[in-house]
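Residue numbers (our numbering): 2 to 284.
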């Protein structure tokens with residue numbers, strides 16, 4: 002346990018926007034509140050970290066952000082559905098036991114009713130906010146996992162990021178209209194829009210990492226057949242791959258050709274140009 006905590010501390014990075022929020026709290030005389038908030042955020046991220054550690058994910062760093070934190074992992078989008086769900090929800094679930102512990106302390110008169118109420122609202126706010134279906138919040142990661150479960154990964158990437166950005170724009174416009182002078186709100190909104198922009202720019206890299214991860218997995222229990230024309234480029238075939246499924250590609254020609262996924266990926270990465278027609282590669 003101690004070793005796990007030390008690993009967590011070594012991976013922890015504080016985002017510059019986090020300091021803006023801290024400065025605002027100290028400047029307005031809320032130093033006690035910001036210390037408690039910082040503690041709650043650490044516990045939240047410890048939940049993500051413990052889940053990622055349990056499933057042996059490679060964790061690059063733990064970013065402390067204005068709204069909480071984010072575990073940056075090398076396996077984004079490449080791990081099984083159940084792992085991604087558990088790692089995402091283990092952060093928000095920490096707020097449940099934290100609230101329960103505070104309730105117990107209130108019952109034994111260690112903390113006042115007023116302090117308990119403030120702590121309850123803090124945990125409820127972080128819990129609900131992080132479950133919003135917006136990238137890179139926990140709720141956004143859950144929705145992205147659902148998208149990749151039911152549609153091809155490439156399409157899921159694009160559809161989810163566009164949907165998430167539209168939802169963020171609508172929600173941010175509404176809140177900023179109601180609270181135009183709220184500094185922390187502006188910091189959070191700008192950070193989330195920048196996160197969308199950066200994720201959109203790196204979507205091709207994420208997709209390539211997804212394809213490379215397919216070469217390492219064993220045969221999955223569910224198989225999907227993809228029927229393509231001989232003129233379809235190899236790259237377009239990859240756009241039909243769905244996570245957590247094995248694929249069998251059938252080239253519909255005069256004499257149909259059946260290709261196993263790993264055989265196809267070997268040709269895609271090492272033997273031919275991605276824009277080469279599949280009918281020329283597999284005869």
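Where a beta carbon is used, it is the ideal one built from N, C-alpha and C, also for glycine.
Out of 207, 71, 155, point me to the one whose CA is closest to residue 127's CA.
Counting from 1 along the chain shown, the entry for residue 127 is found at position 126. With distances taken between CA atoms, residue 127 lies nearest to 71 out of 207, 71, 155.
Of the listed residues 269, 100, 200, 175, nearest to residue 145 (C-alpha basis):
Counting from 1 along the chain shown, the entry for residue 145 is found at position 144. When each option's Cα is compared against that of residue 145, the closest is 200.
Between the stretch 203 to 223 and the stretch 249 to 256, do three or more beta carbon pairs fall short of 8 Å?
no
Beta-carbon contacts of residue 234 that lie in its chain and below 8 Å, excluding the five residues immediately before and after:
Residue 234 sits at position 233 when you count from the first residue of the chain shown. Here the set comprises 275, 276, 277, 278, 279.
Nearest-angstrom beta carbon gap, residue 106 and residue 112 [assumed within contact, 8 Å]:
Locating residue 112 in the chain shown gives position 111, where the first residue counts as 1. Locating residue 106 in the chain shown gives position 105, where the first residue counts as 1. 5 Å between Cβ atoms; contact.
Using 8 Å for Cβ pairs, my map puts residue 9 next to residue 63. What's the rounded Cβ distance?
Counting from one through the chain shown, the residue named residue 9 turns up at place 8. Counting from one through the chain shown, the residue named residue 63 turns up at place 62. About 7 Å separates the two Cβ atoms, so the contact holds.
Are three or more beta carbon pairs between the stretch 47 to 60 and the stretch 82 to 91 nearer than 8 Å?
yes
Own chain residues within Cβ distance below 7 Å of residue 99, not counting five before or after
As a position in the chain shown, residue 99 is number 98, starting the count at 1. Cβ within range, chain order: 41, 44, 124.
Of the choices 248, 215, 52, 193, whose alpha-carbon is the least far from that of residue 141?
Your numbering for residue 141 matches position 140 in the chain shown. Of 248, 215, 52, 193, the residue nearest in Cα terms is 193.
According to the Cβ coordinates, are residue 207 and residue 83 closer than 8 Å?
Position 206 of the chain shown, counted from the first residue, corresponds to residue 207. Position 82 of the chain shown, counted from the first residue, corresponds to residue 83. Going by C-beta atoms, residue 207 is not nearer than 8 Å to residue 83.
List the DSSP bridge partners of residue 225.
Residue mapping note: residue 225 aligns to position 224 of the chain shown, counting from 1. Residue pairing for residue 225: DSSP places it in a beta bridge opposite 248.
Can you give the Cα-Cα distance for residue 167 and residue 136, rounded to whole angstroms?
Looking up residue 167 in the chain shown gives position 166. Looking up residue 136 in the chain shown gives position 135. Looking at the two C-alpha atoms, the distance is approximately 11 Å.
For residue 36, which three-state DSSP category applies?
Looking up residue 36 in the chain shown gives position 35. The answer is helix: DSSP assigns residue 36 an H, G or I state.
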